[in-house]
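Residue numbering for the sequence shown is 974 to 1258, as defined by our numbering. Note that the Cβ used here is the ideal one computed from N, Cα and C, for glycine as well. Quick caveat: nothing in here was measured; it's all calculated off a predicted structure.
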Amino acid sequence: MRNIFLFIRIYFNFLFFLFLMGISLFMLFNYNRYQHTVYSATAGEITGRISKQYNDVEYYFQLKKTNDSLVKANAVLYNKLKQDYEMPDTVSKLAVDTIQIDTILHQRKYLYLPAKVVGNSVSQPNNYLQIHRGSLQGVSADLGVTDINNYVVGTVVDVSKNYSVVMSLLHRQSNISAKLKKTGETGSVIWDGVKPNVVILKDISKEVKVAKGDSVITSGFSDKFPLGLLIGTVTEIVNDKTSSTYTIKVKTAANFYNLQYVNIINNLQKDEPKQLLKSVKKINE
């Protein structure tokens, strides 16, 4: 307490000056319209800038949490898409507990699982992604993978307990069953190892009318992807006179330079046709 009084005594004149200055400024800005307007505008500008900086900092720290929430929300929405369900052809239906059924008894065929990308390459002849989801989270080999916009990215090729490796579209051994959305003609999408944002659609007959900008989608013939997922758009049609088919260059819909999250697509009915085909092959042996 003694030190406080001593401080006031030493700096009394300066403190009294600040007190009078404060009263003067208060009266100036409150009883003069022009000064009040200038003060309000300046104070608002300063406060706004401080608030923006604070919000930017807060947003940065909340960004990861927000991204995670959006990815999960996307997966929930994709799991409700109409093409993820199939209506059985028979009138009678047997609802098994392990098969999810919607409110009008459509059987779920595809289930989406979100995952974070922890590794990705685009400049190698054979490119892979590493994602933070594994067998403990329901991932297995041969599952399709899309980005958060549901654009085709690749296929799961190897799995550990908590991680998986995805063969990217940008891989020389990648082969995706595809078709032209406009005409329905089917072919295969491969990568020639040249440009990391361009793949090749092959096996399209020259009798088919193809134009730049045409969409290339999944054919639905593979057990990895539902019908109609966007692979990319046509950018160039190469007419090789020695072949009866076009070589069609397709710009990928997915941005492989900026893959942070993906969706793993689990076909819940993939084993049934495989078992059926296996049985037929045994009969013919």
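The alpha-carbon of Lys1182 is positioned some 15 Å away from that of Val1223. Of Gly1201, Val1189, Ser1133, Ser1216, the smallest CA-CA separation from Thr1208 is found for Val1189. Annotation: Asp1196 to Ser1217 spans about 28 Å, alpha carbon to alpha carbon. Rounded to whole angstroms, the separation of the alpha carbons of Arg1106 and Gly1166 is 27 Å. Per DSSP, Ile1121 lies in no beta strand (DSSP E) segment and is marked neither H nor E. Annotated as proximal: Gly1092 and Gln1103, with beta-carbon spacing under 8 Å. Only residues of its own chain outside the window of five on either side were considered, and among them Val1126, Ala1227, Leu1232, Val1235 have a CB closer than 7 Å to the CB of Asp1120, listed in chain order. With contacts defined by Cβ atoms closer than 8 Å, Thr1225 and Leu1142 form a contacting pair. Sequence-distant Cβ neighbours of Ile1149 in its own chain, meaning closer than 6 Å and more than five residues away, are Val1162. Taken in chain order, the complete beta strand (DSSP E) segments of 3 residues or longer contained in the segment 1206-1237 are 1218-1225. Between the beta-carbon of Leu1153 and that of Ile1177 there is about 7 Å, and that keeps the pair under the 8 Å contact cut. Rounded to whole angstroms, Ala1088 and Ile1237 show a C-alpha spacing of 7 Å. The alpha-carbon of Asp1115 is positioned some 6 Å away from that of Thr1128. In this structure, the CA atom of Val1253 is about 35 Å from the CA atom of Glu1180. Assignment of Pro1087 by DSSP, reduced to helix, strand and coil, places it in the strand class.
Listed in chain order, the non-local C-beta contacts of Pro1098 below 7 Å within the same chain comprise Arg1145, Gly1166, local neighbours out to five positions each way being set aside.
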